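Numbering of the sequence shown is given in my numbering, commencing with residue 162 and proceeding in unit increments.
Below is one structure, written out as structure tokens; comments come after it.
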Amino acid sequence: MWGYHDLRGVGRSERFASRVAAEIVVALIGIVLLACAIRADRGWLDRHFMPPFFVSRRVYVQTVLSARLATGAFAVALALVARPRIGRFVARVPGRTLLADAARISLAIALALGTSELVLRGTFRRAALERPSDEAPYRRRDQRLGWSFVPALTERDAVGGRTVEYVFDSAGYRVRRADEPVDPQRPTIVFTGESIMVGHGLNWDESVPAQVEALLGTQSANLAVNGFANDQAYLRLLAELPRFRQPVAVVSLFIPALFDRNLDDDRPHLGPGLVWLPAKPRWGLAAIANQLVPYRSDEAVNRGIAVTQAVLRATADLARARGAVPLIVVPQFAPEEPVEQVLRRRILDEAGLPYVWVELDPSWRIPVDRHPDARAAHAMAVAIAARLQGR
Numbered sequence: 162m163w164g165y166h167d168l169r170g171v172g173r174s175e176r177f178a179s180r181v182a183a184e185i186v187v188a189l190i191g192i193v194l195l196a197c198a199i200r201a202d203r204g205w206l207d208r209h210f211m212p213p214f215f216v217s218r219r220v221y222v223q224t225v226l227s228a229r230l231a232t233g234a235f236a237v238a239l240a241l242v243a244r245p246r247i248g249r250f251v252a253r254v255p256g257r258t259l260l261a262d263a264a265r266i267s268l269a270i271a272l273a274l275g276t277s278e279l280v281l282r283g284t285f286r287r288a289a290l291e292r293p294s295d296e297a298p299y300r301r302r303d304q305r306l307g308w309s310f311v312p313a314l315t316e317r318d319a320v321g322g323r324t325v326e327y328v329f330d331s332a333g334y335r336v337r338r339a340d341e342p343v344d345p346q347r348p349t350i351v352f353t354g355e356s357i358m359v360g361h362g363l364n365w366d367e368s369v370p371a372q373v374e375a376l377l378g379t380q381s382a383n384l385a386v387n388g389f390a391n392d393q394a395y396l397r398l399l400a401e402l403p404r405f406r407q408p409v410a411v412v413s414l415f416i417p418a419l420f421d422r423n424l425d426d427d428r429p430h431l432g433p434g435l436v437w438l439p440a441k442p443r444w445g446l447a448a449i450a451n452q453l454v455p456y457r458s459d460e461a462v463n464r465g466i467a468v469t470q471a472v473l474r475a476t477a478d479l480a481r482a483r484g485a486v487p488l489i490v491v492p493q494f495a496p497e498e499p500v501e502q503v504l505r506r507r508i509l510d511e512a513g514l515p516y517v518w519v520e521l522d523p524s525w526r527i528p529v530d531r532h533p534d535a536r537a538a539h540a541m542a543v544a545i546a547a548r549l550q551g552r
């Protein structure tokens, strides 16, 4: 039979083992966090976090550096300061009580996450770049493209401290006036892209297509739609270009700082081989996590580069097949960051795609909104007109 002292010895051994185990776990967590903080250097950031358009890359890098420092400090504090205290606490608490508390906490976390996901499912019904239908310029769901502008509509919106008018003809192209729709029988320069090409925050005469039209005297057709990625712009061009009897040129847009949206699969998208794929359902919690930490794996980035290059090549081929001059405009707010240069060269230069690179003054942005202002649009229009005149 065991005596009282034997039982006390067993209790001490169990408490000591619990303490050692707890300290080992805490130390390992600290080591892992410290390793992550050390590993997340500038090279790792450039590979896995794509260039942002609406935030300065410098601010982005400084934010990540602050996060690295905070994570490293927390890891050291956890391993050196908190570890022994947690170990002593675990040793004092009976094993059954500790397990029961851990089970209750785990259940509470699981229920909280499940409830949050159910609530977020209603909030994140749209794709990351799909805006509410009541936000100007108004959009509607499109099964193949994801969304498109509401046609035959005139609307106004306050952008950058002034009122901007958006007018769309019956085909959903932005035009100057409702009674001046695009005439597909006339020689036309066709523009594709997203909000920058639409002229978000700009009145019609200030937009890139309108200014090119004024410079060259050739009708422009603005097929761009806010929030589009390159594959969506190509799909819209593929559907709309046959309507035009005399397409003179097809001007598309590529911006390294918007490349990240090409990797989204929560909307209809093109996969390898330019195969159309439906939107993938996404978890609400995962959507929030992706917005807070927009990490992209090497595989996702390389696949996105290949698909983007294929999309832009197909866009150029489609234009040439109709006798039109293909041109990709690449606006770049100075300075061009190394990661942006790498994307431009890998996607455009290595494929020999025809493009015009336009350096923009970093101050040429709409206040708060951050889209290019009229001065930036003019610089792009002049570069496009000069290249097309040369052709």
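Glycine residues also receive a C-beta, built at the ideal position from the N, C-alpha and C atoms.
Note that the coordinates shown come from a computational prediction; the quantities given were computed from them, not determined experimentally.
- Looking at 229, 178, 349 and 271, the one whose alpha-carbon comes closest to that of residue 485 is 349.
- Spatial neighbours of residue 209 in its own chain (CB-CB distance under 8 Å, excluding positions within 5 residues in sequence) are listed in chain order as 456, 457, 458, 459 and 462.
- For residue 474, same chain residues with a beta-carbon under 8 Å away, outside a window of 5 residues either side, are 512 and 514 in chain order.
- Secondary-structure assignment with DSSP links residue 533 through a beta bridge to 526.
- Residue 265 sits exposed, since fewer than 16 C-beta atoms from the chains shown fall within 10 Å of its C-beta.
- Residue 339 and residue 325 have their C-alpha atoms some 15 Å from each other.
- In this structure the segment 199 to 219 does not lie against the segment 270 to 277, because fewer than three pairs of beta carbons, one per stretch, are closer than 8 Å.
- Closest in C-alpha terms to residue 440, from the list 426, 452 and 433, comes 426.
- Taking the CA atoms as reference points, residue 197 sits about 16 Å from residue 222.
- When secondary structure is reduced to three states using DSSP, residue 251 falls in the helix class.
- Counting of Cβ neighbours within 10 angstroms places residue 465 among the buried residues, the total reaching 16 or more.
- Runs of the alpha helix (DSSP H) spanning 4 or more residues and lying entirely within the segment 163 to 232 occur at 165 to 200 and 203 to 209, in chain order.
- Residue environment analysis places residue 177 among the exposed positions, since fewer than 16 neighbouring C-beta atoms fall within 10 angstroms of its C-beta.
- Here residue 498 carries a coil assignment [DSSP, helix/strand/coil].
- Rounded to whole angstroms, the gap between the alpha carbons of residue 386 and residue 416 is 15 Å.
- Its Cα nearest to that of residue 306, the residue 401 stands out among 479, 195, 401 and 203.
- Looking at the backbone, the Cα of residue 181 and that of residue 236 are separated by about 19 Å.
- With a beta-carbon spacing of about 6 Å, residue 519 and residue 490 fall inside the 8 Å limit used to define contacts.
- A straight-line Cα-Cα distance of about 20 Å links residue 408 and residue 541.
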